[in-house]
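Note sheet for the following structure.
Right under this line is the structure:
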């Protein structure tokens, strides 16, 4: 399920990037800090809960998902990368996990398991040095 992030839910800020780039990195603010305000997204409660649980380290006190991108030297590419990463995080939260159905092992499976344990134990006993009994 693809969820489109509304423009009014996003806030973009450009900051100085670290790393290689020579003088360019000192003059231009190419790194992007994207804030996506979760309340403005209009997500279903279950998806919002999953999003908060999976990304609790990325969500600030204001309830905004903060994503930083600085792998490119251009603002445009970094902004696009940040939006794509935010989109991927939200899409992942929209996927409802399958409910686990509790099952019990069959009687024959229990029997096979115990037989293999006995066999393994016997192998280990056969490896021991013989006693003087």
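Residue numbers (my numbering): 201 to 333. Backbone N, C-alpha and C define an ideal beta-carbon position, used for all residues, glycine too.
Check                                                                                                                                                     : Outcome
Out of 308, 278, 272 and 283, point me to the one whose CA is closest to residue 207's CA.                                                                : 283
Would you mind giving the Cβ-Cβ distance between residue 268 and residue 232, rounded to the nearest angstrom? I have them listed as a contact below 8 Å. : 7 Å
With distance defined between alpha-carbon atoms, name the residue in 313, 257 and 230 nearest to residue 305.                                            : 313
Apart from the five residues on each side of it in sequence, which residues of its chain come closer than 6 Å, Cβ to Cβ, to residue 251?                  : 293
Pull up the DSSP beta-bridge partners for residue 268, would you.                                                                                         : 233
Rounding to the nearest angstrom, what Cα-Cα distance links residue 204 and residue 321 in this structure?                                                : 59 Å
According to DSSP, is residue 259 helix, strand or coil?                                                                                                  : strand
Put residue 213 into one of helix, strand or coil per three-state DSSP.                                                                                   : strand
Report, in whole angstroms, the separation of the C-beta atoms of residue 243 and residue 255, which I expect to be a contact under 8 Å.                  : With 8 Å as the limit, residue 243 and residue 255 do not qualify as a contact, their Cβ atoms being about 13 Å apart.
Starting from residue 321, trace the alpha helix (DSSP H) both ways and give me its first and last residue.                                               : 307-327
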